[in-house]
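Those protein sequences? They're chains A and B, same order as listed.
So the first sequence is numbered by my numbering: it starts at 156 and just counts up by one.
So the second sequence is numbered by my numbering: it starts at 25 and just counts up by one.
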Amino acid sequence: MTLGWPQALLGLLALALPLWIHLRRQRQIAQHVVSITRYVDTSPPPRRWQYIIEHPGLMVLRMALIAAVTLWLADLRLTDPKGGAGTTWTLVSPRTHAGRVAQLANDDRAFWLAPGRPRLSETRPASGPDAITTWDALWAADRAAPAAVQFVVVGPATVAEIGECRPVLSRPVRWIDAPVEPGNTGATPALRLALVADAARDRDARRVLAVVDAWRDAGLNVALTRETPDATPTIDRPTIWLSQQPVPAGIGTSDDAPVVITDTADESAPVFRLDRNGQVLARGRIAEGRRVLGVAGLRDDPAPGPLFELLFEREAWRPPPEAPIEPAFLAPAVDKTAAPPPTRSLAAPLVWLILLLAAAERALASATLTVRSAP
Amino acid sequence: MTRPREWTADARARARDLHWLARRAVRGDPFGRHPGRDVGPGIEFSQYRPYEPGDDARWLDWQRLARGQDPLIRLAPREARVTVSVVLDTSGSMAEPASVATPDWTRMDCARALAATVLAIARRQGDAFHWLRLDAVTAGAALSGHATPGHSDAHLATCVAALSDLVPAREWPPVHTLRDALQRLPKAGLVLMISDFIADSPATDALAGVLSAGRRDVIALQILTRDEVDFGYRGNVEFVDRETGERRRAHSDAARAAYLENLARARRQLRRAFLRRGAAFESVLAEQSPDDILRPVLHAYQRARAARGLE
């Protein structure tokens, strides 16, 4: 919470409470039965409405107490703009070649670009479709590092290294290209599908879309385009045909042509037969087209399942090889205000201060009230 | 013996070494501890007088007689007993609490403890003692047992018991009533007047005059509370007079300076009124214990005695 929030403003407004209490008590008239009336001069008359603070010390103490509580609730933090000056963090992508990693092993300020920022001497974090992207990890490191720490990123300068959104960091990043570790391309095989459905089958089309969403949730890179049967273009990808119109000639009629997945009874078209559990049985006709295709059917382990082979292993559908790009392109944008530097919480000192002020306030208030209660 | 609750055994023990001797030679019963105006045969030489038939031979100056000079009798000052009178202001203002921290301890409680302590000192010195109350209601009343001088332990018990029953009355007595009441004091002796002396200047001046008349040694003790001395009031205050019911409103900050000046002026006038008549005057705080109050007062009194050559 910052002091600009309504809660903080209300807390600041609470500072007026002691002021009001003391001014109110100032306006009250205390009656004392005494013997020294003859020595009391009644001119000037009692001041009823002048704003004179009564017990200013106690009032200041109370305001300080409220201010301390407000700052404690606002989670006051200390920043250090000069923190980490002269320090460089070397952030290594998990996809970096082991040889390059070994060269950096002696650097005690080298970290894996992964959640938690483990040291380079620790186990290499996982990389792949489920892993956090380099830019996301870089953004997290930028949030955690002291303000003056310099970043050097060591990793493959490829598109796969970056995420969908280029981050804006609070410091410049020097990117050093490094070879990729074999077998750790991190590329996700792309499944590109086409859906052909007419209006009468819209309900089934929505089921297919749900299936695709389920695949995406499971980490598969699926791209789905929807076509209409009236103007079917050249379909160069596996096609889900949900239409009463016959499958056009040339689609799914040869091994090199795109596969058509349909629930029509057209025996001439190659289709997949799925059982009730979503398992691919063989080419043929979809018996239960309305069922959600299970993701497990696409990810058979250790050997890929029939559907996986059909959909992913064909050369034409494999994703393009990773294209090297300029490291400078990978460097995030810099905006010093984008990420506030890490701060140190003042909660503990504030709690002690609050306790101290509360004790002092009670002691002073007791003494003051004792004086006021004179008969 | 019924005692004032404030006159504790501890307070009595701490006051055991106090004594109060007259500042000037007094004429009184012999065998006391005060310097007497009479002389007679004695060890401490004062003067000679010619031997007269019938004089005790023990007081002859035998050395002079051995040198063939005329027989002379050695004379020494004769110590006397006096009457110690305690006059207590019992007007309503004496009910003022001594301090905020001790609301049950009033100016009257302090006065009672002081009076009991002085009466005990007088008893220990062998003096006659009694006490009188001074307020508008009882000034002209008949004398009670405690108001008649006596010497005995039984009389001390009577006086102290009467002190414990003392309740502050309403107002300070008018001057003529005050004069009538103080006519009952012995013409000579020691008088301790205990009051807050918060009254009109003519009244206190008349009181000082009546008390110091004759050959009395007078100590006037003004008992004030902490709030009265410091004006420990805050904010807008309505003061209600304890005796007259008069109401005055003031703001403490605005009224403090004038109040302190008025109080200081009144105390200066009061001090002058007593000192002019040869009496001692001291202001004390009601929250103090009797021996803390009496010790410096009586020591100052004894220093004045020494200055007169009476030690």
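Think of the CB as a built atom: it goes at the ideal place given N, C-alpha and C, for glycine as much as any other residue.
- In this chain, the beta strand (DSSP E) harbouring I243 of chain B covers R239 to L248.
- Within chain A, the residues placing a beta-carbon under 7 angstroms from that of F263 of chain B are H187, V189, T192 and V195, ordered along the chain.
- With contacts defined as CB atoms closer than 8 angstroms, V247 of chain A and L228 of chain A fail to qualify as a contacting pair.
- According to DSSP, residue pairing for A304 of chain B in a beta bridge involves B:I243.
- Here the alpha carbons of V335 of chain A and R250 of chain A stand approximately 6 angstroms from one another.
- Looking from the CA of V215 of chain B, the closest CA among B:R203, B:T249, B:H154 and B:D251 belongs to B:H154.
- Below the 9 angstroms Cβ cutoff, chain A contributes V189, S190 and I191 as neighbours of S117 of chain B, in chain order.
- For G239 of chain A, no alpha helix (DSSP H) encloses it, and the DSSP letter there is neither H nor E.
- Cβ neighbours of R266 of chain B within its own chain (closer than 6 angstroms, five residues either side excluded): G116 and S117.
- Contact with chain A is found for I222 of chain B, since one of that chain's Cβ atoms lies less than 8 angstroms from the residue's Cβ.
- Secondary structure within the stretch 245-304 of chain B: the beta strand (DSSP E) runs of 3 or more consecutive residues, fully enclosed, are 260-265 and 271-275 (chain order).
- A Cβ of chain A is located within less than 8 angstroms of the beta carbon of R266 of chain B.
- At a cut-off of 8 angstroms, the C-beta of E270 of chain B has a neighbouring C-beta in chain A.
- In the three-state DSSP reduction, F266 of chain A falls in the strand class (E or B).
- Within chain A, no C-beta atom comes less than 9 angstroms from the C-beta of E103 of chain B; the nearest is roughly 41 angstroms away.
- In the DSSP assignment, T251 of chain A falls outside any alpha helix (DSSP H), carrying neither H nor E.
- Residues of chain A whose Cβ lies closer than 7 angstroms to the Cβ of L294 of chain B do not exist, since the nearest Cβ in that chain is about 13 angstroms away.
- Under the Cβ distance rule, A237 of chain B does not count among the residues neighbouring chain A, no pair being separated by less than 8 angstroms.
- Against chain A, the CB of E195 of chain B has no partner CB under 8 angstroms away; the residue lies outside that interface.
- The continuous beta strand (DSSP E) containing S109 of chain B extends over residues T107 to D113.
- Rounded to the nearest angstrom, the Cβ distance from G212 of chain A to L519 of chain A is 7 angstroms, consistent with a contact under 8 angstroms.
- D368 of chain A has its alpha-carbon roughly 17 angstroms from the corresponding atom of V351 of chain A.
- Less than 8 angstroms divides the Cβ of F305 of chain B from the Cβ of A244 of chain B.
- Shown here for V363 of chain A: same chain residues with a beta carbon closer than 6 angstroms to its own, the five before and five after excluded, namely L350 and I395 in chain order.
- Among the CB atoms of chain A, none fall inside 8 angstroms of the CB of E311 of chain B.
- Contact between V106 of chain B and A178 of chain B is absent: CB atoms are separated by about 20 angstroms, not below the 8 angstroms threshold.
- Inclusion of L164 of chain A and M218 of chain A in the CB contact set at 8 angstroms is not warranted, their separation being larger than that value.
- Here D368 of chain A is not bridged, per DSSP, to any residue.
- Its chain contains S219, D220, F221, R291, L294, F305, E306, S307 and V308 as the residues whose beta carbon lies nearer than 8 angstroms to that of Q246 of chain B, once the 5 sequence neighbours on both sides are disregarded; these appear in chain order.
- Under the Cβ criterion of 8 angstroms, A122 of chain B is not counted among the residues facing chain A.
- Annotated three-state conformation of D80 of chain B is coil, per DSSP.
- Judged by beta-carbon spacing, Q149 of chain B lies beyond the 8 angstroms limit of H323 of chain B, meaning their Cβ atoms are not closer than that value.
- If the five residues before and after R264 of chain A are omitted, its C-beta is found closer than 8 angstroms to the C-beta atoms of T242, T243, W244 and T245, all from its own chain and listed in chain order.
- Contact annotation, A146 of chain B with V108 of chain B: C-beta distance approximately 4 angstroms; criterion of less than 8 angstroms satisfied.
- Excluding sequence positions up to five before and after Y75 of chain B, its CB lies within less than 6 angstroms of the CB of P95 and I97, all in the same chain and listed in chain order.
- If you compare the alpha carbons of A:L275, A:V489 and A:L324 with that of A295 of chain A, the shortest gap goes to A:L324.
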